[in-house]
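*Asks:* Each residue of the sequence shown is one higher than the one before, counting from 674 in this note's numbering. All residues carry an ideal CB built from backbone N, CA and C; glycine is no exception. Take a look at this one; I'll ask things after.
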Amino acid sequence: MAYKSKKDQAAASKRHYHANKEKIKARARARNKKQTAVNRAYVNKIKQQSKCIDCGETNPLVLDFDHVHGRKKECISNMVRSAYSLKTIKREIEKCEIRCSNCHRIATYKRNYE
Numbered sequence: 674m675a676y677k678s679k680k681d682q683a684a685a686s687k688r689h690y691h692a693n694k695e696k697i698k699a700r701a702r703a704r705n706k707k708q709t710a711v712n713r714a715y716v717n718k719i720k721q722q723s724k725c726i727d728c729g730e731t732n733p734l735v736l737d738f739d740h741v742h743g744r745k746k747e748c749i750s751n752m753v754r755s756a757y758s759l760k761t762i763k764r765e766i767e768k769c770e771i772r773c774s775n776c777h778r779i780a781t782y783k784r785n786y787e
């Protein structure tokens, strides 16, 4: 449907949203839930195939992504929960080294305080 102005189009979009709010929100929740599952599976796979670069620990439950290259956009775990695109998460992981929780804390301390 063609609109005479952007204002008319914006008003129509707003009316449509208010008339279909629950359906739109339900679709968004479903999409986010699906994307979160895809993200979580990808991150878990990376951790299962990795080990700590400092001590060699392989337990995926204790492995962290340590941002050491480039500028940190967001924590990987927050990106997974917030349903970021997998492409964005992969780009962020490229900036990281995998360390166990203990080595991550030690490396961060040395980087920031020594």
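Can you tell which of Asp-737, Ala-710, Arg-713 and Asn-712 has its C-alpha closest to the C-alpha of Ser-723?
*Replies:* Within the sequence shown, numbered from 1, the residue matching residue 723 stands at position 50. Answer by Cα proximity: Asp-737.
*Asks:* Please give the ranges of any beta strand (DSSP E) in the segment 688-768, keeping only runs that are unbroken, at least 3 residues long and fully inside the region.
*Replies:* Listed in chain order, they are 736-740.
*Asks:* Hey, out of Asn-775, Lys-768, His-689 and Arg-713, whose CA is closest to Glu-747's CA?
*Replies:* In the sequence shown, the residue the question calls residue 747 occupies position 74. It is Lys-768.
*Asks:* So, does the segment 695-711 touch the segment 756-764, judging by three or more C-beta pairs under 8 Å?
*Replies:* Touching, yes, given that three or more Cβ pairs across the two stretches are closer than 8 Å.
*Asks:* Should the segment 726-744 be called in touch with the segment 689-696, which here means at least 3 C-beta pairs below 8 Å?
*Replies:* Taking 8 Å as the limit for Cβ pairs, the verdict is that the segment 689-696 does not touch the segment 726-744.
*Asks:* Below 6 Å CB to CB, which residues in the same chain sit around Ser-720 once its five sequence neighbours on both sides are set aside?
*Replies:* Against the sequence shown, residue 720 aligns to sequence position 47. Ser is not the amino acid found at residue 720; the sequence shown has Lys there. Excluding positions up to five away in sequence, the list reads Pro-733 and Leu-736.
*Asks:* Is Glu-770 near Ile-726, with beta carbons less than 7 Å apart?
*Replies:* Position 97 of the sequence shown, counting from 1, holds the residue named residue 770. Position 53 of the sequence shown, counting from 1, holds the residue named residue 726. Yes. Within cutoff.
*Asks:* For the alpha helix (DSSP H) holding Tyr-782, just list the boundary residues, first then last.
*Replies:* Here residue 782 corresponds to residue number 109 of the sequence shown, with the count starting at 1. Per DSSP, Tyr-782 belongs to the alpha helix (DSSP H) from 774-786.
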